[in-house]
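Structure first, commentary second.
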Ligand SMILES: *[C@@H]1O[C@H](CO)[C@@H](O)[C@H](O)[C@H]1NC(C)=O
Ligand SMILES: *[C@@H]1O[C@H](CO)[C@@H](O)[C@H](O)[C@H]1NC(C)=O
Ligand SMILES: *[C@@H]1O[C@H](CO)[C@@H](O)[C@H](O)[C@H]1NC(C)=O
């Protein structure tokens, strides 16, 4: 039912992960980010959600000073005139920021993380984005933009995206995770895995028959593929999760 992409943005650090800052670009109230929040919390992580008050899909790494609401928050979750940043009265870990995804991440890092974690988060999770962020879409995705900002500020991050397809993959355990690259490049040599030093592209992984999640490492500054050495550093850490395309 779903095909997914997962993009790891490389930042050195992260020994042990407990505290997760969660963001996206589709807005703080969409079902996808709430499901991510609930799943990570149920898995034992301490999660704080800080995401845009409105749908800011496609805004990349745009940034602005958050402002009071001149329209209702997404799905009428806060009234006109609400402050630039706010939280759910019955769960103060659910926060909106009335600006771009990058700004919601920064508010989470600078204001919420000290309050809830006593310091920076160990990991930033962005998404799942509503819709796949494959190939050059990473350049305009605000979900990827928030994750890139986190990595640039020294916090390891993962951007998730997904969409419905006609393939039947009803359960999370139906999926295999395949190491990939963002864009095809016949002159680039990748890390050697699955018997090749040319990784499949994200689009070919997600487009292949079966239930596959593409896993790509991006440079947070350029939002392009990293070198084989950097791919290898991530592959070493996640190889136990990965499979090869049939
Ligand atoms: C947000 O906007 C994008 C682009 O306009 C759209 O594709 C997406 O479905 C919207 N998300 C929600 C939750 O409405
Ligand atoms: C506020 O939090 C409660 C409890 O977690 C939840 O049921 C509700 O959907 C949340 N509402 C908004 C707008 O975040
Ligand atoms: C393709 O890979 C080569 C070798 O790593 C690199 O010099 C070139 O910039 C890449 N091309 C693109 C379009 O990324």
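In mature numbering (1 follows the signal peptide of the UniProt record, and there is no 0), the protein residues as written are -17 to -1, 1 to 229. Ideal placement from N, C-alpha and C gives every residue a C-beta, glycine not left out. Here the structure is a predicted model, which means the values were calculated and not measured.
Quiz item: Excluding five sequence neighbours on each side, which residues of the same chain lie with their C-beta closer than 7 Å to the C-beta of residue 64?
Solution: Within the chain shown, residue 64 is the residue found at index 81, counting from 1. If we look at residue 64 and ignore the five residues flanking it on each side, its Cβ neighbours are 51, 52.
Exercise. Give a yes or no on whether the C-beta atoms belonging to residue 213 and residue 199 are separated by under 8 Å.
Key: As a working mapping, residue 213 is identified with position 230 in the chain shown. As a working mapping, residue 199 is identified with position 216 in the chain shown. No. Outside cutoff.
Quiz item: For ligand 1, which residues count as neighbours when the test is a C-beta closer than 7 Å to any heavy atom?
Solution: 9, 10, 13, 38, 40, 41, 113, 114
Self-check item: For residue 9 and residue 242, the rounded distance between their alpha carbons
Solution: No answer is possible for residue 242: it lies beyond the span of the chain, which begins at -17 and ends at 229.
Quiz item: What separation, rounded to the nearest whole angstrom, lies between the Cα atoms of residue -6 and residue 140?
Solution: In the chain shown, counting from the first residue as 1, residue -6 sits at position 12. In the chain shown, counting from the first residue as 1, residue 140 sits at position 157. Below a pLDDT of 50, predicted positions are generally treated as unreliable, and residue -6, at 47, falls in that range; the measurement from the model is reported next regardless. One C-alpha to the other measures close to 10 Å.
Quiz item: Can the beta-carbon of residue 227 be found closer than 8 Å to that of residue 177?
Solution: The residue labelled residue 227 in the question sits at position 244 within the chain shown. The residue labelled residue 177 in the question sits at position 194 within the chain shown. In this structure, residue 177 lies closer than 8 Å to residue 227 by Cβ.
Quiz prompt | Three-way DSSP call (helix, strand, coil) for residue 109 in this model | solution = As a position in the chain shown, residue 109 is number 126, starting the count at 1. In this structure, residue 109 counts as strand in the three-state DSSP scheme.
Practice problem: Using only the heavy atoms of ligand 3, determine whether one of them is closer than 7 Å to the beta carbon of residue 165. | Solution: Counted from its first residue, the chain shown places residue 165 at position 182. Incorrect: residue 165 has no Cβ contact closer than 7 Å to ligand 3.
Quiz prompt | Segments assigned beta strand (DSSP E), at least 3 residues, entirely inside the segment 52 to 101 | solution = 68 to 71, 74 to 80
Practice problem: Identify which residue in 12, 40, 19, 218 has its Cα closest to the Cα of residue 155. | Solution: Here residue 155 corresponds to residue number 172 of the chain shown, with the count starting at 1. With distances taken between Cα atoms, residue 155 lies closest to 19.
Practice problem: Please go through the same chain and pick out, in chain order, the residues whose beta-carbon is closer than 8 Å to the beta-carbon of residue 70, but skip the five residues on each side of it. | Solution: Counting from 1 along the chain shown, the entry for residue 70 is found at position 87. Same-chain partners within the cutoff: 76, 77, 78, 79.
Quiz prompt | Given 8 Å, three or more beta-carbon pairs between the segment 78 to 95 and the segment 14 to 30 | solution = no
Quiz item: What three-state label does DSSP hand residue 123 in the structure shown?
Solution: Within the chain shown, numbered from 1, the residue matching residue 123 stands at position 140. Residue state, collapsed to three classes: coil.
Quiz item: Any heavy atom of ligand 2 closer than 7 Å to the CB of residue 73?
Solution: What you label residue 73 is simply residue 90 of the chain shown in a count that begins at 1. Result yes, Cβ under 7 Å from ligand 2.
Exercise. Would you grab the beta carbon distance between residue 224 and residue 160 for me? Rounded to a whole angstrom, and I think it's under 8 Å.
Key: What you label residue 224 is simply residue 241 of the chain shown in a count that begins at 1. What you label residue 160 is simply residue 177 of the chain shown in a count that begins at 1. Indeed they touch by this definition, with Cβ atoms about 5 Å apart.
Self-check item: Cβ-Cβ distance between residue 188 and residue 218 below 8 Å
Solution: Here residue 188 refers to the residue found at position 205 of the chain shown. Here residue 218 refers to the residue found at position 235 of the chain shown. In this structure, residue 218 does not lie closer than 8 Å to residue 188 by Cβ.
Practice problem: Measure the alpha-carbon distance for residue 157 versus residue 192 and round it to whole angstroms. | Solution: Within the chain shown, the letter at position 174 stands for residue 157. Within the chain shown, the letter at position 209 stands for residue 192. Going by the C-alpha atoms only, they are around 13 Å apart.
Self-check item: Proximal residues to residue 95 (C-beta, below 7 Å), its chain only, five neighbours per side dropped
Solution: Reading the chain shown from its first residue, position 112 is the one you call residue 95. Once the five neighbours on either side are set aside, the close Cβ partners of residue 95 are 31, 33, 78.
Self-check item: Option nearest residue 74 by Cα separation, candidates 24, 220, 42, 194
Solution: By one-based count along the chain shown, residue 74 stands at place 91. When only C-alpha atoms are compared, the closest one is 24.
Quiz item: Cβ atoms of residue 5 and residue 108: under 8 Å apart, would you say?
Solution: For the purposes of this step, residue 108 is identified with residue 125 of the chain shown, where counting begins at 1. For the purposes of this step, residue 5 is identified with residue 22 of the chain shown, where counting begins at 1. Yes, the pair counts as a contact, with Cβ atoms nearer than the cut-off.
Self-check item: Range covered by the alpha helix (DSSP H) that runs through residue 221
Solution: For the purposes of this step, residue 221 is taken as the residue at position 238 of the chain shown. From DSSP, the alpha helix (DSSP H) with residue 221 extends over 211 to 221.
Self-check item: Status (buried if at least 16 other CB within 10 Å, exposed otherwise) for residue -3
Solution: As a working note, residue -3 is residue 15 in the chain shown. Unreliable placement is indicated for residue -3, whose pLDDT of 46 sits below 50; the coordinate value is still reported in the next sentence. Classification of residue -3: exposed, given that the 10 Å Cβ count is below 16.
Quiz item: Any heavy atom of ligand 2 closer than 7 Å to the CB of residue 5?
Solution: Position 22 of the chain shown, counted from the first residue, corresponds to residue 5. No, Cβ of residue 5 sits at least 7 Å from all heavy atoms of ligand 2.
Quiz item: Using the beta-carbon count (16 or more within 10 Å), is residue 110 buried or exposed?
Solution: In the chain shown, counting from the first residue as 1, residue 110 sits at position 127. Buried: at least 16 other Cβ atoms inside 10 Å.
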